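Mapping of the sequence shown onto UniProt numbering: position 295 corresponds to residue 295, and the numbering continues sequentially without gaps.
Below: the structure, in structure tokens.
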Amino acid sequence: MGIILLFIIILILGILIKKLLTPAINPYRFPKIHNWAKQGKYFNFNGYPIFYYDSNIRDTTANSKPTLLLLHGYPTSSIDWLYMRDELEKRFHCIAPDYIGYGLSAKPVSFSYTIFSQVDMIEELMNSLQIKQFHIMAHDVGTTITQEFLARQIDNRKYIIQSTVFLNGGLFPESYRPFLSMKLLKTPIIGVILQNILPRALFSSALNRIFGPSTKRTQQELDEMIDLLFFNAPYNLLQQLQCYINERSINRDRWVDAINKVQTFTKNPIPIRLINGPYDPISGKHIVDRYREIITNPDTCLLNADIGHYVNLEDPENTLKYFFNFHDTIST
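And the structure:
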């Protein structure tokens, strides 16, 4: 009883002190986010508003093009695809959701923030748009969401995933190297305390650690990311979102096996490529090495040695080059 009371006191004090010292969170104060939000849409998932970007808002020919589902990483949002958007939209109808708990989507205090729930949400979104076949490009936690998508292609193919491109992500829990801070944030009670007492500057600093040495984000860019993370966030959000780290271990065989199995389908096999920023300390070249060990006929591309985790932000030009090369190959 004493420990619980101490926890409550620390939590309350932390929240009060942080609120006094931290400016109000308003991501719309940034023009980039304000413009992105204006171009987005919302759909209802179990009573929660989910933000998503649909390229048909500015491309009248989008619905005549193949669909590309863009899945962002943790702890950021769909705006991560902004620097690749123009080139991608020349060839694809792009759909980019903010998962529940992320970005401009709802962040309920009591929700099962599992990978399975995120896939359920995206499946419902795609169904509402009457999209029955699509390609995927995924980053970070988005790669794990995609692995569950691929596993469901084995379970019951209600829709067709036509191809997949993985960017940096923890595809293999045995090779994934999360920071100590990430492990602490996913720990019950400890994660809640840390979210509510640590200054935002520490979250910004931790996020910048996974970028390459010459591609660090500016302070404004970090502020944009952190504002979107904590916008309308409940006190326990980060601890709940980080459950995906444990899920990767629990569902390791299902999700890793799916990468091999879907590429061997007799009808409509799913080609897969991995594009990786090798400098990434949590899911860099060591993930590529493991991929080449256990994935049959691995198709992998390494970016320059100084590119880190956020390849879609750090090196969009070469990421697009390898992405389009892949699609040129599979379309011939």
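For each residue, glycine too, the CB sits at the ideal point set by N, CA and C.
On a predicted model such as this, the values are computed, not experimentally measured, just so you know.
Secondary-structure assignment with DSSP links A138 through a beta bridge to L71, F166. Counting only runs of 3+ residues, the beta strand (DSSP E) found wholly inside the region 71-128 occupies 93-97, in chain order. Counted as a single uninterrupted DSSP element, the alpha helix (DSSP H) harbouring F203 occupies residues 200-208. Ranked by how close their Cα comes to the Cα of L167, the residues T329, V256, G284, I250 have G284 in first place. Less than 8 Å separates the beta-carbon of L302 from that of N276. Distances from the alpha-carbon of L228 to those of R91, F43, F51 put F51 closest. P278 carries a coil assignment under DSSP once its states are collapsed to helix, strand and coil.
Going by beta carbons, T319 and M84 fall inside the 8 Å limit. As the crow flies, the alpha-carbon of I33 is around 44 Å from that of T266. Annotated three-state conformation of F51 is strand, per DSSP.
A Cβ-Cβ distance of about 5 Å is found for the pair L150 and V262, placing them in contact under the 8 Å criterion.
Counting along the chain, the unbroken alpha helix (DSSP H) around T319 starts and ends at 316-330. In this structure, A258 is the residue among T76, I295, A258, I100 with its C-alpha nearest to the C-alpha of E148. Contact annotation: L241 and P49 have beta-carbon atoms that are not nearer than 8 Å.
Taking 8 Å as the cut-off, the Cβ atoms of V165 and M137 count as close. Bridge partners of T300 according to DSSP: L274. Taking the C-beta atoms as reference points, G169 is found nearer than 8 Å to D140. If you keep only unbroken alpha helix (DSSP H) runs of at least 4 residues inside the region 212-253, you get 219-230, 237-241, 243-250. Leaving aside the five residues that flank F211 on each side, the residues in its chain whose CB is nearer than 7 Å to its CB run, in chain order, R217, G308, H309, Y310, E314.
Per DSSP, Y291 lies in no beta strand (DSSP E) segment; the continuous alpha helix (DSSP H) that holds it begins and ends at 285-294. Between the region 190-201 and the region 234-250 there are three or more inter-stretch CB-CB distances shorter than 8 Å, so the stretches are counted as touching.
Bridge pairing for Y42: F51 [DSSP]. Shown here, I160 sits in a strand according to DSSP, grouped into three states. The C-alpha of N156 is placed about 28 Å away from the C-alpha of A62. DSSP lists I160 as the bridge partner or partners of Q133. Judged by DSSP secondary structure, I193 falls within the alpha helix (DSSP H) whose first and last residues are 190-197. When secondary structure is reduced to three states using DSSP, D155 falls in the helix class. The residue from L222, S55, I115, I250 with its alpha-carbon nearest to that of E87 is S55. Judged by beta-carbon spacing, R290 lies within the 8 Å limit of F172, meaning their Cβ atoms are closer than that value.
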